[in-house]
Amino acid sequence: MLKKRIIVCLDVKDGRTTKGVKFQNNVDIGDPVEMAKKYYEQGVDELVFYDIMASARGRGPILDLISRVAEQVFIPFCVGGGIGSIEDIRSTILAGAEKVSLNSQAVKNPELISQGARIFGNQCIVLGMDAAKDETCPSGYRVFINGGRTKTDLDAREWAIKAVKLGAGEIVLNSIDADGMKNGYEINLTKMIAESVGVPVIASGGGGTPEHLANVLKEGKADAALIASMVHSMGYTVGGIKADLNKMGVPVRM
């Protein structure tokens, strides 16, 4: 049975790790390099690093910070934020990332997914998708970009299917409605996308207890769960969460 992955997300703003609720009221919570090292030592399966202001400010990834994080961790490391060209993808991978997450830039230029997959391989190209409930969309969910601030015309399910056809090898699916609320993941959204595509889907937004992770990994059919607040500020450790999941019958790497 394939093991489920636990992934810690570091949202970075102005070189510091930050945390908000529904993409707002972000507060500084520490140094991303030190935090990455700590979570790696706790046994996290992967790390995701998002520069949350890069696209909105129209700049590329902070390569120096990416390489300093990469020096501390020896697990898959995914970087997102401001990656808008093949050159950005190349420089991010050369700085030490195994994968790049394309979100706003992929919506603006879908060719970036197919070009990136062709040059670097599907496994390197992750679709980052921020979705919120919207009854006017066919699937009931709409895609937003620029850190959840800008509404698009894209339906979440249709965009996921299209991005995978273009070459995305994985999807990080973030529920804007659940983000930072710690009330549990958006099970319906996650399950719908997981059943619609043939690549791994990582659930993001809303994790507050190990039970929430177990629910989205089992009922939501997610291949992995992204966490942030739980380990940043709620007293959980990666090892403790994995031990709890193991007891609940979720196969994880111990």
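Per our numbering, the very first residue in the sequence shown carries number 8; after that it's consecutive.
By construction, the Cβ of each residue, glycine as well, lies at the ideal position given by its N, Cα and C atoms.
Note that the coordinates shown come from a computational prediction; the quantities given were computed from them, not determined experimentally.
List the DSSP bridge partners of residue i.
i	result
Gln127	The sequence given here places Phe at residue 127; Gln does not occur at that position. Bridge partners of Phe127: none, in fact.
Glu165	DSSP output for Glu165 lists no bridge partner at all.
Tyr148	Lys140
Ala231	Arg12 and Ile209
Glu177	Val133
Going by CA-CA distance only, name the one from the options that's closest to residue i.
i	options	result
Val40	Glu53, Glu226, Arg23 and Val28	Arg23
Asp18	Ser211, Gly246 and Glu218	Ser211
Gln122	Gly91, Met241, Ile73 and Ser240	Gly91
Glu165	Gly176, Thr157 and Ala138	Ala138
Met60	Asp95, Ile13, Arg156 and Leu101	Arg156
Ile14	Asp251, Ala250, Gly256 and Asp230	Asp230
Met261	Gly50, Leu224, Val28 and Met8	Gly50
Cys85	Glu218, Phe56 and Ala185	Phe56
Ile73	Gly65, Ile93, Leu101 and Gly135	Leu101
Ala136	Ser236, Ala124, Lys169 and Phe127	The question names Ala, yet the displayed sequence has Met at residue 136. Of the candidates Ser236, Ala124, Lys169 and Phe127, the one whose C-alpha sits nearest the C-alpha of Met136 is Lys169.
Phe127	Asn116, Glu142, Ser98 and Val114	Ser98
Ile36	Asn253, Gly176, Ala235 and Gly103	Ala235
Pro117	Ala167, Glu53, Glu105 and Asp58	Ala167
Given residue i, which residues of its chain have a CB within under 8 Å of its CB, disregarding the five upstream and five downstream residues?
i	result
Gln79	Val40, Ala43, Lys44 and Tyr47
Asp162	Cys144, Pro145, Ser146, Tyr148, Arg149 and Val150
Val171	Leu134, Ile178, Val204, Gly205 and Val206
In whole angstroms, what is the alpha-carbon distance linking residue i and residue j?
i	j	result
Gly187	Asp38	19 Å
Ala63	Ser240	27 Å
Leu119	Gln112	8 Å
Asp160	Gly154	16 Å
Thr244	Asp251	11 Å
Leu180	Val208	7 Å
Val107	Phe81	16 Å
Met226	Pro217	One detail in the question is off: residue 226 reads as Glu in this sequence, not Met. Their backbone Cα atoms lie some 14 Å apart in a straight line.
Lys189	Ile152	22 Å
Val238	Pro258	20 Å
Ile69	Gly215	29 Å
Asn195	Ala77	34 Å
Lys115	Ala175	15 Å
Gln130	Gly87	15 Å
Asn110	Leu224	23 Å
In this structure, how does DSSP classify residue i when only helix, strand and coil are distinguished?
i	result
Leu101	helix
Val34	strand
Glu41	helix
Glu118	helix
Tyr243	coil
Tyr57	strand
Arg156	coil
Ala210	strand
Thr216	coil
Leu196	helix
Asp52	coil
In chain order, what residues of the same chain lie with their CB nearer than 7 Å to the CB of residue i, ignoring the 5 residues before and after it?
i	result
Val34	Thr25 and Lys26
Lys140	Gly147, Tyr148 and Asp184
Ala221	Leu252, Met255 and Val257
Given residue i, which residues of its chain have a CB within under 6 Å of its CB, disregarding the five upstream and five downstream residues?
i	result
Lys228	Lys198 and Ala201
Arg75	Val40
Glu193	Ser182 and Ala185
Gly67	Gly89 and Asp95
Asp71	none
CB of residue i to nearest heavy atom of the ligand ATP: below 7 Å?
i	result
Thr244	You won't find the ligand ATP in this model; it holds no ligand whatsoever.
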